[in-house]
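Here's the structure, in structure tokens; my notes come after.
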Amino acid sequence: MEFLDWSCHDVASWIQSLGYPQYKECFTDNFITGRKLIFVNCSYLPRMGITDFNDMRVISAHVRVLLGTSEAPWNRSLALPPRDPTGTFLELKSRTGPRADALTYEHFLSDGGGHR
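Note that the sequence shown covers residues 303 to 418 in this note's numbering.
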């Protein structure tokens, strides 16, 4: 999960490597670091200035592949506990502060993987 250490410029370079150099500034202007990639989806991209639907779909799919997560089912109730430990870990890791900085995936899983 090396991407968690990416700066917003690293993320912008990755976006360029996907064939979208025109969106580099969208990621740097919005300070999207590797930790914040968990929030990059088709709902969030228009707020960043990316509005082409096909580009949004492709970028979101690449983000999910990079993160190792699947797309959340649109009809899943928010009241249900998260099912994907990787997604839960990445949500915790996206926060700032010493606890998030120290959190590793192995430690997260040994503590029950968010299922307490």
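All C-beta atoms in this analysis are idealised placements derived from N, C-alpha and C, irrespective of residue type, glycine included.
Exercise. So which of Asp413, Val365, Gly389 has the shortest CA-CA distance to Asn419?
Worked result: Any question about residue 419 goes unanswered here, given that the chain covers just 303 to 418.
Exercise. Looking at the unbroken alpha helix (DSSP H) that takes in Arg401, where does it start and where does it end?
Worked result: Arg401 -> alpha helix (DSSP H) spans 400–404.
For this session: Spatial neighbours of Leu320 within its chain, please: CB distance less than 6 Å, with the 5 preceding and 5 following residues excluded, ordered by chain position.
Result: Counting only Cβ-Cβ distances below 6 Å, and skipping sequence neighbours, we find His364.
Problem set entry | DSSP three-state assignment for Ile340, whether helix, strand or coil | Helix.
For this session: With a threshold of 16 other CB atoms inside 10 Å of the CB of Leu306, please say whether the residue is buried or exposed.
Result: It counts as buried.
Problem set entry | Range of the contiguous alpha helix (DSSP H) that encloses Glu304 | Premise fails: Glu304 is in no alpha helix (DSSP H) and is neither H nor E.
For this session: Express the C-alpha separation of Cys328 and Ile340 in angstroms, rounding to a whole number.
Result: When only Cα atoms are considered, Ile340 and Cys328 end up about 16 Å apart.
For this session: Would you please state the rounded distance, in angstroms, between the beta carbons of Thr335 and Trp308? I believe it to be under 8 Å.
Result: Yes, Thr335 and Trp308 are in contact; Cβ-Cβ is about 6 Å, under 8 Å.
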